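**Student:** Can you read through this structure? Questions will come right after.
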Amino acid sequence: MVMHARSGGNLEVMGLMLGKVDGETMIIMDSFALPVEGTETRVNAQAAAYEYMAAYIENAKQVGRLENAIGWYHSHPGYGCWLSGIDVSTQMLNQQFQEPFVAVVIDPTRTISAGKVNLGAFRTYPKGYKPPDEGPSEYQTIPLNKIEDFGVHCKQYYALEVSYFKSSLDRKLLELLWNKYWVNTLSSSSLLTNADYTTGQVFDLSEKLEQSEAQLGRGSFMLGLETHDRKSEDKLAKATRDSCKTTIEAIHGLMSQF
Numbered sequence: 001m002v003m004h005a006r007s008g009g010n011l012e013v014m015g016l017m018l019g020k021v022d023g024e025t026m027i028i029m030d031s032f033a034l035p036v037e038g039t040e041t042r043v044n045a046q047a048a049a050y051e052y053m054a055a056y057i058e059n060a061k062q063v064g065r066l067e068n069a070i071g072w073y074h075s076h077p078g079y080g081c082w083l084s085g086i087d088v089s090t091q092m093l094n095q096q097f098q099e100p101f102v103a104v105v106i107d108p109t110r111t112i113s114a115g116k117v118n119l120g121a122f123r124t125y126p127k128g129y130k131p132p133d134e135g136p137s138e139y140q141t142i143p144l145n146k147i148e149d150f151g152v153h154c155k156q157y158y159a160l161e162v163s164y165f166k167s168s169l170d171r172k173l174l175e176l177l178w179n180k181y182w183v184n185t186l187s188s189s190s191l192l193t194n195a196d197y198t199t200g201q202v203f204d205l206s207e208k209l210e211q212s213e214a215q216l217g218r219g220s221f222m223l224g225l226e227t228h229d230r231k232s233e234d235k236l237a238k239a240t241r242d243s244c245k246t247t248i249e250a251i252h253g254l255m256s257q258f
């Protein structure tokens, strides 16, 4: 799935996952790409993609792969793992007619930059359900032009715990791939591969800091508006965390060259 997401570059890609349910665990056994046209902000399956899904699953069963469709995945190149408004609507529809079903989001750009798979699994709440207030979740950097879409829909879904497993065949294949491509792996640089992404992160961070500075400046002339000050300080704290994340990724890229 990561390789498929990476092949799309800055365009979103989409695929279907096959697997099974064991108790309260959804186990993904296989996946395949869908012939869909994505943009830099969204991806939707059309009639041809649905026909392709049905034909693929039917052919898979004819060769002994009996797993059913258990979820879908798509990529968010460079802007994190979360569900947009369109993603929430798609997942709600899937859970209504194809339950059990899970949505997986992959960020191939941050995967390369951080040196580990950046992936999230999600399910939506029933329509009209109001989730209880939860404690702070794991922080992730959201680009300024995506914050509104992220904030509007963040209470309509929840994240699932994700773990990975390898079969004996997977282990053997990975060993063969490493033996063949280890030179390419060691000689590659995430700083060069993700140069545009790193530049975009710096520009995004600059805009966030300018907004925080402007709000803090206005707040200094407004007496008694503690809530306004807290919001400004919160934005500044988030910008600081984004700065730390960008710096760590840059250091990781430099260290990988030695």
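First residue of the sequence shown: 1, per full-length UniProt numbering; consecutive thereafter.
Note that CB positions come from ideal geometry on N, CA and C, so glycine has one too.
Note that the structure is predicted; figures quoted are calculated from it, not measured.
Report the option in Asp234, Ile112 and Lys245 whose CA atom is closest to the CA atom of Gly195.
**Tutor:** Per the sequence shown, residue 195 should be read as Ala rather than Gly. Here the closest residue by C-alpha is Ile112.
**Student:** Tell me whether Leu223 sits in a helix, a strand or coil according to DSSP, three-state version.
**Tutor:** A caution first: Leu223 carries a pLDDT of 49, below 50, which makes its placement in the model unreliable, though a value can still be read off. The answer is coil: DSSP assigns Leu223 none of H, G, I, E or B.
**Student:** For the 8 Å Cβ check, are there 3 or more pairs between the stretch 15-30 and the stretch 66-77?
**Tutor:** Judged by Cβ distances under 8 Å, the stretch 15-30 makes contact with the stretch 66-77, as three or more pairs qualify.
**Student:** Look up Trp72 in the DSSP assignment and say whether it is helix, strand or coil.
**Tutor:** It is a strand residue.
**Student:** Here's a check: name, in chain order, each residue in its chain whose Cβ is nearer than 8 Å to the Cβ of Phe221, leaving out the five neighbours to either side.
**Tutor:** Here the model assigns Phe221 a pLDDT of 47, short of 50, so the residue's position is not dependable, and the following value carries that caveat. No residues qualify anywhere along the chain.
**Student:** Does Asp242 come out as helix, strand or coil in the three-state DSSP assignment?
**Tutor:** It is helical.
**Student:** Looking at Val21 and Pro126, is the spacing between their C-beta atoms short of 7 Å?
**Tutor:** No, they are not a contact pair.
**Student:** With a Cβ-Cβ cutoff of 7 Å, do Pro35 and Tyr52 count as a contact?
**Tutor:** It is a contact, given that the beta carbons lie within the stated cut-off.
**Student:** Looking only at DSSP bridge pairs, what is Phe203 linked to?
**Tutor:** Beta-bridge pairing links Phe203 to no other residue.
**Student:** For His76, which of Gly8, Gly19 and Gly128 has the nearest alpha-carbon?
**Tutor:** Ranking Gly8, Gly19 and Gly128 by Cα distance to His76 puts Gly8 first.
**Student:** With a CB to CB cut of under 7 Å and the five nearest residues on each side skipped, what residues in its chain are close to Ser212?
**Tutor:** Closer than 7 Å at Cβ, skipping near neighbours: Ser232, Lys235, Leu236 and Ala239.
**Student:** Do Gln98 and Thr124 have their C-beta atoms closer together than 7 Å?
**Tutor:** Contact: no.
**Student:** Could you tell me the alpha carbon to alpha carbon distance between Glu161 and Leu209, rounded to whole angstroms?
**Tutor:** For Glu161 and Leu209, the distance between alpha carbons rounds to 33 Å.
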